[in-house]
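Numbering (mature numbering (1 follows the signal peptide of the UniProt record, and there is no 0)), first residue to last: -22 to -1, 1 to 935.
Right, here's the structure in full:
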């Protein structure tokens, strides 16, 4: 059978296998249950692929919002039976200077291993492998030089991630079209690789497993839980092998945690009289680093139980200098130890390593493994996170087709088209100018523009924008030019913008918007007198009057009937605390106030009416600081909740007025609605919509009125509802409102488990222009929920609500209260942090959910909650950011449910039957590689003279 036909049939079989797994392997755009992100770049469709070697699941890159590039298949002549499936396709980027992937749901400040792989495979038919640059965020990572079509190039970096995401960007250098085959991210413990920190990252030059005689036996996951790639290296002409089947353990507080399988083999000199091991590697310059210095980590473990008189002791020299210490090194039996440099060694063209036995040693030296790293700078700062969130939301809303990828401002050479930024050495870049005129924008003006707090110039002209000009734009402190010409905007110009124009601070351009007017009066349509109107209105008015008379008569008769008989249709809630309480006593005279102090449009009830509504205050729904809450029914049968102020209440007229006034002017589907109020002499009460499922805290604890446990999907919906309610208080109200007592008992649920924020008695108006006015003499709130910054300064902000809401999110995830006995009282925040530090979300999740959830969405919610509860308010997200992130979590769970995936984000493990050689070329007609040429960064040298050339070996990963 012809070779091309064989390759075609092989591709067909692989395609059929992919179709067979499509029902269970779905794309995931978030870390899996062990924190891995694995992307098969260019993989079509939505089904995941599974790696034959690691059994890890790889998602198509469409799940990572890649909206550029094209998917291509490698040429059939480079497809072999042993080629892993993830290399069969690539994504190429012929357009734009920079194209990026964004990996999200990370934990800021933690350490990660990034890995990108490239197999050209002549996918474009040009037989010209390209050269291009790779960036991690705004920092240069590596130059990718794919020298041959069948070579798999692997590039790695160990980095501390500054934000909850990282961009991986391919940059066109003019030497061919950038492409990528595979992108991977693996979390690392923060204690590992201490040389990687906030200012520098590590790029592997080589990672070698000495003594492995099988060239195809590459060690990675699951043998290495961190999924590092360890290549075998052995030369039988100069080395002998030592090995063991016993497990080699890591030392306590091991800083590298080399896997046991790597440490179970070692090399010793074949000629014992030589007494040393010798190898070399050549330096490889990088752009901007022509003479890189290297950091090395050498791993040692004694694999034989030595007799009493036997001694294995050696010291290490690099380029003739004693390395690290001149004291002889003695490896421990079956314990993994390492000798390493903390800073780059002096630059040299070649590095020669000698491991020499000491005079006291009776045995030759050994070495089990070595890692060599170059250092890259990570000091370039990213754009301010609030600016990134805002401009990303704008990009998504309007589907901007410009070259908007990666960080908006950095590096300077790749700033987004139409944006200008300010740059500072010690702080984040800020977006100062946005010009997206002639960009085909439609719909209303996004509220996200108001979050670009440093913007000075905003040009939205010559688009198809509709609706009104948002007043929030007048709150942009630095805005000097706002160009809205040639759109389809309507309504009056906000007074805030007009004032800034009159004061000379703003150049406002709004021409060619036919329905724009200067003030609200001029926007009103002219009144028209018409005889036809009179002919229509008079009969309508008569009909309405007749209907009202009949309705009033009906209500009068019904009320009279209700006054003589008890109501029999009241449903007793399951968590009712009392069957009947006496009617509350009158309030003390000191709380009397005049009716003129309260201006409300809602219905006003008399005390007698409240008695009738509640059947003489028969059924208590709950108790709070204001008083008891009673179950009631209006005349039309509408069920309500009546909160009546008690004589012993600590909350008086001030809080009553505050809550009543607030509830009359705020209206949102996720805020509890006030139906009316009562001020009858000394009696005060508020009448709310009835929330049949009670408070969130009881539902989380499984003590809800319906007796059922909350599913993860229901918890997510409750979280989104509550977040939207708080976002409205912070962003939709002018001026904003701070709730100041966000907690699980102030979130109410209706029959559909839709959440409403309640209890606004402690809420305060927040004026951004005068934060000092919010300073209070009395700290309010509930222990476990109070923002420590508010507690320290006595100045609440919207970020105080964000903190409290973060605690509620942790309660939803863990099913525990804000303060936990563990066994001593501890904050749920610290309780969760300690458990997540172990890397297992299962230690945190409420067991009552019985594992029925998408692990990725749970991880993400926990991450959002911990960001909300950051100590510094500036590090916390806004409620707008929280809403967006929670909606993404809900989408993950919805997709998970739609797939019916019972594994909940788990993965399969198995034997390595088809291992990936990884670093080097795959030969189309061969299934093995000569071990002496097995792609290593190291070269061997011995007394027989010639040094075998390795051609650079395992290229920088």
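Note that beta-carbon positions come from the ideal geometry of N, C-alpha and C, so glycine has one too.
Just how far apart, CA to CA, sit residue 478 and residue 484? Counting from one through the chain shown, the residue named residue 478 turns up at place 500. Counting from one through the chain shown, the residue named residue 484 turns up at place 506. Answer to the nearest angstrom: the Cα atoms are 6 Å apart.
Measure from the alpha carbon of residue 269 to the alpha carbon of each residue in 201, 344, 353, 233, then state which is nearest. For this step, residue 269 is matched to residue 291 along the chain shown. The shortest C-alpha separation from residue 269 is found at 353.
Let's test the definition: count the other Cβ atoms within 10 Å of the Cβ of residue 407 and tell me whether it reaches 16, buried, or not, exposed. For the purposes of this step, residue 407 is taken as the residue at position 429 of the chain shown. Buried is the call here.
Around the C-beta of residue 708, are 16 or more other C-beta atoms found within 10 angstroms, so that it is buried, or is it exposed? Numbered from its first residue, the chain shown carries residue 708 at position 730. Flag for residue 708 reads buried.
Residues near residue 664 by beta carbon distance below 7 Å, same chain, minus five either side: Position 686 of the chain shown, counted from the first residue, corresponds to residue 664. Correct list, in chain order: 621, 637, 638, 652, 655.
My output table needs one value for residue 444: the three-state DSSP class, helix, strand or coil. Here residue 444 refers to the residue found at position 466 when the chain shown is read from its first residue. Three-state DSSP puts residue 444 in a strand.
Inter-stretch contact at 8 Å, needing at least 3 Cβ pairs: the region 104 to 117 / the region 349 to 363: yes
Three-state class that DSSP yields for residue 305 in the structure shown: The residue you call residue 305 lines up with position 327 of the chain shown. Residue state, collapsed to three classes: coil.
Quick one: Cα of residue 804 to Cα of residue 213, how far? For this step, residue 804 is matched to residue 826 along the chain shown. For this step, residue 213 is matched to residue 235 along the chain shown. Cα to Cα, the separation comes out at about 57 Å.
As assigned by DSSP and simplified to three states, the class of residue 382: Here residue 382 corresponds to residue number 404 of the chain shown, with the count starting at 1. In this structure, residue 382 counts as coil in the three-state DSSP scheme.
Is it the case that the region 270 to 283 contacts the region 205 to 222, given that we only count it when at least three CB pairs across the two stretches are under 8 Å? yes
Assuming residue 134 contacts residue 198 (C-beta within less than 8 Å), just tell me the rounded distance between them. On the chain shown, residue 134 is found 156 positions in, with the first residue counted as 1. On the chain shown, residue 198 is found 220 positions in, with the first residue counted as 1. Incorrect: roughly 12 Å between the Cβ atoms, too far for contact.
Cβ-Cβ distance between residue 206 and residue 233 below 9 Å: Stepping through the chain shown from its first residue, residue 206 is reached at position 228. Stepping through the chain shown from its first residue, residue 233 is reached at position 255. No, Cβ-Cβ distance for residue 206 and residue 233 is not below 9 Å.
Measuring CB to CB, does residue 127 end up less than 9 Å from residue 154? For this step, residue 127 is matched to residue 149 along the chain shown. For this step, residue 154 is matched to residue 176 along the chain shown. Result no, Cβ atoms of residue 127 and residue 154 do not sit closer than 9 Å.
Pull up the distance between the alpha-carbon of residue 633 and that of residue 138, whole angstroms please. Working through the chain shown from its first residue, we reach residue 633 at position 655. Working through the chain shown from its first residue, we reach residue 138 at position 160. Rounded to the nearest angstrom, the two C-alpha atoms are 48 Å apart.
Suppose only complete runs of 3+ residues qualify. What are the beta strand (DSSP E) ranges in the region 294 to 367, listed by chain order? 313 to 318, 328 to 335, 347 to 355
Quick check on residue 888: does DSSP put it in helix, strand or coil? Here residue 888 corresponds to residue number 910 of the chain shown, with the count starting at 1. Reliability fails at residue 888, whose pLDDT of 26 lies under 50, so the model's placement of it is uncertain and the value that follows must be treated cautiously. Three-state result, residue 888: coil.
Look at the alpha carbon of residue 434 and the alpha carbon of residue 789, and state the distance between them as a whole number of angstroms. Against the chain shown, residue 434 aligns to sequence position 456. Against the chain shown, residue 789 aligns to sequence position 811. Cα to Cα, the separation comes out at about 41 Å.
Local Cβ density within 10 Å of residue 592, reported as buried at 16 or more and exposed below that: In the chain shown, the residue the question calls residue 592 occupies position 614. Residue 592 should be labelled buried.
Go to residue 487, then tell me how far its beta strand (DSSP E) extends in each direction, as first and last residue. As a working note, residue 487 is residue 509 in the chain shown. Taken as a continuous stretch (DSSP letters only), the beta strand (DSSP E) holding residue 487 covers 485 to 487.
Just the C-alpha distance for residue 298 and residue 178, rounded to the nearest angstrom, thanks. Counting from 1 along the chain shown, the entry for residue 298 is found at position 320. Counting from 1 along the chain shown, the entry for residue 178 is found at position 200. Each residue's alpha carbon lies about 28 Å from the other.
Just to confirm my understanding: we take residue 450, look at its own chain, exclude 5 residues before and 5 after, and list those with CB closer than 7 Å. What are they? Indexing the chain shown from 1 puts residue 450 at position 472. Within the same chain, residue 450 has close Cβ partners 425, 428.
With contact counted as at least three CB pairs below 8 Å, one residue from each stretch, are the region 27 to 35 and the region 49 to 58 in contact? no
So the candidates are 228, 660, 194; which of them puts its Cα closest to the Cα of residue 277? Locating residue 277 in the chain shown gives position 299, where the first residue counts as 1. For the residues 228, 660, 194, the minimum Cα distance to residue 277 belongs to 228.
Would you check if there are 3 or more beta carbon pairs closer than 8 Å linking the region 65 to 81 to the region 143 to 154? yes
Residue(s) in a DSSP beta bridge with residue 617: Against the chain shown, residue 617 aligns to sequence position 639. DSSP lists 611 as partners of residue 617.
Taking just the CA atoms, how far does residue 47 sit from residue 23? Translated into the one-based positions of the chain shown, residue 23 becomes position 45. Translated into the one-based positions of the chain shown, residue 47 becomes position 69. Looking at the two C-alpha atoms, the distance is approximately 15 Å.
Whole angstroms are fine: how far does the CA of residue 494 sit from the CA of residue 504? Numbered from 1 along the chain shown, position 526 holds the residue referred to as residue 504. Numbered from 1 along the chain shown, position 516 holds the residue referred to as residue 494. Because residue 504 carries a pLDDT of 49, less than 50, the predicted location of this residue cannot be relied on, and the following value inherits that uncertainty. Roughly 16 Å separates the two Cα atoms.
Report the option in 210, 307, 262, 204 whose CA atom is closest to the CA atom of residue 235. Taking the first residue of the chain shown as 1, we reach residue 235 at position 257. Checked all of 210, 307, 262, 204; the closest Cα to residue 235 is 204.
Identify the residues that DSSP records as bridge partners of residue 470: which are they? For the purposes of this step, residue 470 is taken as the residue at position 492 of the chain shown. Answer by DSSP bridge pairing, in chain order: 495.
Quick one: is residue 776 buried, meaning 16 or more other Cβ sit within 10 Å of its Cβ, or exposed? Position 798 of the chain shown holds residue 776. Residue 776 comes out buried.
Residues near residue 678 in its chain [Cβ-Cβ closer than 7 Å; skip 5 each side]: On the chain shown, position 700 is the one that residue 678 refers to. Closer than 7 Å at Cβ, skipping near neighbours: 688, 722, 789, 790, 793.
Let me know if residue 780 comes out buried or exposed under the rule of 16 or more other beta-carbons within 10 Å of its beta-carbon. In the chain shown, the residue the question calls residue 780 occupies position 802. Residue 780 is buried by the Cβ-count criterion.
Let me make sure I understand the geometry here. Which of 474, 832, 107 has the alpha-carbon closest to that of residue 713? Here residue 713 is taken as the residue at index 735 of the chain shown, counted from 1. Of the listed residues, the one whose Cα sits closest to residue 713 is 474.
Run the CB neighbour count on residue 606, radius 10 Å, all protein chains shown included, and call it buried at 16 or more, exposed below. Position 628 of the chain shown, counted from the first residue, corresponds to residue 606. By the 10 Å Cβ count, residue 606 comes out buried.
Check whether the region 814 to 827 touches the region 862 to 872, taking contact to mean three or more Cβ pairs, one atom from each stretch, closer than 8 Å. no
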